[in-house]
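The next block holds one structure in the form of structure tokens; read it before the comments.
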Amino acid sequence: MRYRRLGHSGLKVSEISLGSWLTYGGYVSKQSALDTIDRAYRLGVNFFDTANVYRQGEAEQIVGEALSRYPRSSYVLATKVRGPMGELPNDQGLSRKHIIEQCEASLRRLGVEYIDLYYCHYPDPDTPIEETLRAMDDLVRQGKVLYVGISNVSAGQIAEAAAVSERYGLHPIVANQPLYNMFAREIEQEVVPLCEKLGIGQVVYSPLAQGLLAGKYADVDRVPQASRASDKEGGQAVRSWLRENYLLKSRKLHQTANEWGLTPSQLALGWTLRLGNVASAIVGASTPEQIEENVKASGVELNEELLARIDQILNEA
Numbered sequence: 168m169r170y171r172r173l174g175h176s177g178l179k180v181s182e183i184s185l186g187s188w189l190t191y192g193g194y195v196s197k198q199s200a201l202d203t204i205d206r207a208y209r210l211g212v213n214f215f216d217t218a219n220v221y222r223q224g225e226a227e228q229i230v231g232e233a234l235s236r237y238p239r240s241s242y243v244l245a246t247k248v249r250g251p252m253g254e255l256p257n258d259q260g261l262s263r264k265h266i267i268e269q270c271e272a273s274l275r276r277l278g279v280e281y282i283d284l285y286y287c288h289y290p291d292p293d294t295p296i297e298e299t300l301r302a303m304d305d306l307v308r309q310g311k312v313l314y315v316g317i318s319n320v321s322a323g324q325i326a327e328a329a330a331v332s333e334r335y336g337l338h339p340i341v342a343n344q345p346l347y348n349m350f351a352r353e354i355e356q357e358v359v360p361l362c363e364k365l366g367i368g369q370v371v372y373s374p375l376a377q378g379l380l381a382g383k384y385a386d387v388d389r390v391p392q393a394s395r396a397s398d399k400e401g402g403q404a405v406r407s408w409l410r411e412n413y414l415l416k417s418r419k420l421h422q423t424a425n426e427w428g429l430t431p432s433q434l435a436l437g438w439t440l441r442l443g444n445v446a447s448a449i450v451g452a453s454t455p456e457q458i459e460e461n462v463k464a465s466g467v468e469l470n471e472e473l474l475a476r477i478d479q480i481l482n483e484a
């Protein structure tokens, strides 16, 4: 496993990180989740990602339980705040009240004294950004959070947040968590160049397009019964990638991977990690075998000929 600095911070994270969206606390059994996290850790993964809204806290509990057997200093734990955790007016958002209360709740579920990386999960138009960032800064000063991150934001929102942090002398944002894969490249135009200037690293999610780029799905209408596409909660997110043009390109990419001695997932993850601003790619492995294959993408370097071939496939109509 190789490790990269997270933005301009001194924190080093594994190139492949393990997430829990749509998996742990969901269609994957608890024992399988525990076994997969254990295998990931033993393979060198030191970066684990979750969120309070994933199965309303169940994912955090499972991730916390799995990691409790290891020294706290040996792994980097990330979680998020913003989404609805109840039906009352202040049970969601990025207000000071919700952030502070949910940080405490996440710490209890995770069973830890501090969160390494705490994300604002997505923007809250009802809360001034200064209020949000001051609350996050207070958590850092209290030692309950070590680093601050943002997610699902535009380049303009990143610039505004960075300016507010600098103006008031707040702890800087070190990570951005965006959607990024071969079929979703929007961050390349504005977000990545801006973040490179600001010292913010990318921790990308869905680098395998929910399994499509790993060769998990071969047909729009037929999905494996044990897959995320068949899960009630995760099915919609997965099926959004099951388009005929994506499937066609995926088949060509899989053939290319085979020609270069790589698995489809290793090709896709290696392609994602070709950008220096990407600190880590989050995978959602459901089994120990899946994470074993995924971690082999760490250190994969795609030469110019292979990158040109990939671009050719992706640019086909």
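So the mapping is simple: the numbering used here equals the position in the sequence shown, first residue as 1, plus 167. Ideal Cβ placement from N, Cα and C applies to all residues, glycine included.
Looking at the backbone, the Cα of Y191 and that of S199 are separated by about 9 Å. Secondary structure remark: continuous beta strand (DSSP E) runs of at least 3 residues inside the segment 350-383, in chain order: 368-371.
Rounded to whole angstroms, the separation of the alpha carbons of M349 and Y286 is 24 Å.
In the DSSP assignment, Y170 falls within the beta strand (DSSP E) that extends over 170-172.
If you draw a 10 Å sphere on the C-beta of Y335, you find fewer than 16 other C-beta atoms in it, and that means exposed. In terms of CA proximity to V279, Q228 leads the group E471, R249, Q228, G466.
Nearest to S453 by alpha-carbon distance, out of Y194, S432, D216, is Y194. G250 has its alpha-carbon roughly 9 Å from the corresponding atom of Y221. Boundaries for V331: no beta strand (DSSP E) harbours it, while the alpha helix (DSSP H) harbouring it runs 322-334, taken from the DSSP string. Beta-bridge annotation (DSSP): D216 is paired with A245.
Contact annotation: D304 and H265 have beta-carbon atoms that are not nearer than 7 Å. Secondary structure at V195: strand, using DSSP grouped into helix, strand and coil.
Counting only residues of its own chain and dropping the five nearest sequence neighbours on each side, V358 has a CB closer than 6 Å to the CB of A322.
Note that the C-beta distance between K383 and I480 is not below 7 Å. According to the DSSP assignment, V462 belongs to the alpha helix (DSSP H) that extends over 455-462. Under the DSSP definition of a beta bridge, N343 partners with I317, Q369.
S432 is a Cβ neighbour of E460, given a cutoff of 7 Å. In this structure, DSSP gives S447 an extended state, which the three-state scheme calls strand.
Its chain contains P251, M252, H265 as the residues whose beta carbon lies nearer than 8 Å to that of D258, once the 5 sequence neighbours on both sides are disregarded; these appear in chain order. When the beta-carbon positions are compared, G174 and G366 come within less than 7 Å of each other.
Counting other Cβ atoms within 10 Å of its Cβ, N219 reaches 16 or more and is therefore classed as buried. Our two residues, V341 and Q422, have alpha carbons roughly 37 Å apart in a direct line. Linking S262 to Y281 through their CA atoms gives a straight-line distance of about 20 Å.
Its Cα nearest to that of S465, the residue R441 stands out among L414, R441, E472. With contacts defined by Cβ atoms closer than 7 Å, A448 and T439 form a contacting pair.
Counting only the Cα atoms, L429 lies some 21 Å from Y170.
Boundaries of the beta strand (DSSP E) harbouring V180: 179-181, taken from the DSSP string. In the DSSP assignment, no residue is bridged to C270.
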